[in-house]
Every structure is written in C-alpha cells, then in structure tokens.
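Participant: Residue numbers for the sequence shown follow the working numbering, so the first one is 1332 and each next one is one higher.
Positions of the beta carbon are idealized from the N, C-alpha and C atoms, including for glycine.
Could you have a look at this structure, given as structure tokens, before my questions?
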Amino acid sequence: MRAVVKLGGALFRREPDVTALKHMGKVLGGFVEDGNQLVLVAGGGENARTYISAARKLGAEESTCDLLGIQITRANAELLRLALASSASSKIPTTLSDLPHCVGPRKAVVMGGLQPGQSTNAVAALAAEITRAEILVNGTDVDGIYTEDPKKNTKAKLMRVVDADKLLGWAMGGEVFAGRYELLDPLAIKIMQRAKMPTRFVSLADPGNILAALQGKDIGTKVVYS
C-alpha cells in the first residue's frame, strides 16, 4: 500500500513527549515493515505557534512567519524520523520534487513544510498526489470532523462522512494566516478534490487509530467527493 499520514501539531508539544513519539514510531514502523510505502508529514504544533507569535510582535510579515513555521515543522520531522529508527529514510525532503526519489516499499519518508503560503495539510495532500497514495490519513487532536468545534461546544456531533465541498465552504469562510488554519486551509482541500484522494480524519492520541484507518477500517471521518 502507498499511504500518506499527516501528524498534527498535537503530537509535538512544547516539551516533546518522547514516549508518545516512540509509540507512534513503533506502530507506523510496523506498518512500513509489512512492505508498505509511507510518507509522514509533521505539523508545527505549539512551538511553531509560539515562534510565529514572537516574530509577528517583532514586526515580521506573514511570509517570514511562514518560513519560521516551516523550520519548526522540519525539526519536528527530525524527531519523528528518529522515533522511526531503522524504518525511516535518512533524508527529509525539502522540495516536492525530491519526494518521489525518496519513497519506496518498507521505507518511511518524513517531511515538514515546504514553502510559504502552504500548510502542512496542503503538503500532505500534495505528497499523496505525487506519490499516487491510496489513502491520506490526517491525525488530529480530536476524533474526526465535527459539526462545530468540540472544544467550544460540547454538543458538537462527530460527522462520520463529510463532502469535500462542505469542507471547502467552511475553510473559505475562515481566516488563513501563518500558524493558523481552521480545520483545513482551502488549498489543501482543493488538492484533495482534484486528486479525489481517499482521506480520513482520526485522533492521533492513539496511534492505533491511524493504523486502523490505513487498514481500511471505518474510523473517524471519511471525506467524499461529489
């Protein structure tokens, strides 16, 4: 199987949780060792938001803030690569054109951001498209996509299936700037749409959720295309 997994910033805390990283590396390393091809994209997390906020206060424009965030995602990618140990490729691609030369069976390629104006969700969608992935799994800090932000409204309901058009409508209605992409940014969704990429959103609190999605189980939220 060819797969791409986006690991959200919740995995990469202000003080890195080595135990959590090792657990994720062990589970996804096992998937790779079974003969599968895997690309992992690391999000920025709290550290990226902290540095971006400081840069803004120092007068940085959004492109510079983006570049700073990209550096943090690549640092997170390096931690993840170390957690995967022998299952990981030694190179972290920094351009999309590098990626096809790095992937292969029984190998996990880990990467972070690529360029200003792109979230790591967009990077994951592009990675899935260029590697002809059979599934894109987006690991978040909640169980999937909800009708509302479940952290703000306890009555929000988990959506088992959601149309990409609805996601795009939500994304277009929100603000998009460095370090903040509400759910998904429009670019990421448009890439998913053009590739009609099979996609699931699951909680990354338990790496088993990601593995279940990779195995085709009905977990989290499935994205469909009208």
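1) Taking only three categories from DSSP, how would you classify residue 1494?
2) Is the separation between the beta-carbon of residue 1356 and that of residue 1416 shorter than 9 angstroms?
3) Identify, in the order they occur along the chain, each residue of the same chain with its Cβ nearer than 6 angstroms to the Cβ of residue 1531, setting aside the five sequence neighbours on each side.
4) Just how far apart, CA to CA, sit residue 1411 and residue 1428?
5) Return the CA-CA distance between residue 1540 and residue 1450, expressed in angstroms with no decimal places.
6) Rounded to whole angstroms, what is the Cα-Cα separation between residue 1471 and residue 1522?
7) Below 6 angstroms CB to CB, which residues in the same chain sit around residue 1433 once its five sequence neighbours on both sides are set aside?
8) Check residue 1362 in the structure and name its three-state DSSP category.
9) Could you check where the beta strand (DSSP E) with residue 1531 kicks off and where it finishes?
10) Between which two residues does the beta strand (DSSP E) containing residue 1484 stretch?
11) My output table needs one value for residue 1555: the three-state DSSP class, helix, strand or coil.
12) Give me the Cα-Cα distance between residue 1365 and residue 1359, rounded to the nearest whole angstrom.
13) Can you tell which of 1332, 1404, 1338 and 1446 has its C-alpha closest to the C-alpha of residue 1536?
14) CA-CA distance, residue 1333 and residue 1402?
15) In three-state DSSP terms, what is residue 1340?
16) Straight-line CA distance for residue 1343 to residue 1474?
17) Determine the extent of the beta strand (DSSP E) in which residue 1442 is found, giving its start and end residues.
18) Name the two residues that bound the continuous alpha helix (DSSP H) containing residue 1381.
19) Which residue from 1557, 1363 and 1376 puts its Cα closest to that of residue 1443?
20) Does the ligand FAD have a heavy atom nearer than 8 angstroms to the CB of residue 1519?
21) Can you name, in chain order, every residue of its own chain whose Cβ lies under 7 angstroms from the Cβ of residue 1496, other than the five neighbours on each side?
Facilitator: The answer reads as follows:
1) If you number the sequence shown from 1, residue 1494 lands on position 163. Residue 1494 falls in the strand class under three-state DSSP.
2) Here the question's residue 1356 lines up with position 25 in the sequence shown. Here the question's residue 1416 lines up with position 85 in the sequence shown. Taking 9 angstroms as the cut-off, the beta carbon of residue 1356 is found closer than this to the beta carbon of residue 1416.
3) Taking the first residue of the sequence shown as position 1, residue 1531 is located at position 200. 1468, 1544, 1551 and 1553, listed in sequence order.
4) By 1-based counting over the sequence shown, the position of residue 1411 is 80. By 1-based counting over the sequence shown, the position of residue 1428 is 97. Taking the straight line from one Cα to the other gives about 21 angstroms.
5) Walking along the sequence shown from the start, residue 1540 turns up at place 209. Walking along the sequence shown from the start, residue 1450 turns up at place 119. Rounded to the nearest angstrom, the two C-alpha atoms are 23 angstroms apart.
6) Here residue 1471 is taken as the residue at index 140 of the sequence shown, counted from 1. Here residue 1522 is taken as the residue at index 191 of the sequence shown, counted from 1. If you take the alpha carbons of residue 1471 and residue 1522, they lie about 19 angstroms apart.
7) Here residue 1433 corresponds to residue number 102 of the sequence shown, with the count starting at 1. Excluding sequence neighbours, residue 1433 sits near 1420, 1422, 1424 and 1440.
8) Taking the sequence shown and counting its residues from 1, the one referred to as residue 1362 is at position 31. DSSP places residue 1362 in helix when its eight states are reduced to three.
9) Your numbering for residue 1531 matches position 200 in the sequence shown. That run of the beta strand (DSSP E) goes 1530 to 1534.
10) For the purposes of this step, residue 1484 is identified with residue 153 of the sequence shown, where counting begins at 1. First-last for residue 1484: undefined, no H or E at that position.
11) Taking the sequence shown and counting its residues from 1, one reaches residue 1555 at position 224. If DSSP states are grouped into helix, strand and coil, residue 1555 belongs with the strands.
12) Within the sequence shown, residue 1365 is the residue found at index 34, counting from 1. Within the sequence shown, residue 1359 is the residue found at index 28, counting from 1. Each residue's Cα considered, the two are about 10 angstroms apart.
13) For this step, residue 1536 is matched to residue 205 along the sequence shown. Among 1332, 1404, 1338 and 1446, the Cα nearest to that of residue 1536 belongs to 1338.
14) Taking the first residue of the sequence shown as 1, we reach residue 1333 at position 2. Taking the first residue of the sequence shown as 1, we reach residue 1402 at position 71. Looking at the two C-alpha atoms, the distance is approximately 27 angstroms.
15) Taking the sequence shown and counting its residues from 1, one reaches residue 1340 at position 9. Three-state result, residue 1340: helix.
16) In the sequence shown, residue 1343 corresponds to position 12, counting from 1. In the sequence shown, residue 1474 corresponds to position 143, counting from 1. Distance between the alpha carbons of residue 1343 and residue 1474: 18 angstroms.
17) Indexing the sequence shown from 1 puts residue 1442 at position 111. Per DSSP, the unbroken beta strand (DSSP E) holding residue 1442 starts and ends at 1438 to 1442.
18) The sequence position of residue 1381 within the sequence shown is 50, counting from 1. Note, residue 1381: alpha helix (DSSP H), 1376 to 1388.
19) Taking the first residue of the sequence shown as 1, we reach residue 1443 at position 112. Taking only the C-alpha atoms, the option nearest residue 1443 is 1376.
20) For the structure depicted, the ligand FAD is absent and the ligand set is empty, with no information on it obtainable.
21) Reading the sequence shown from its first residue, position 165 is the one you call residue 1496. Excluding sequence neighbours, residue 1496 sits near 1557.
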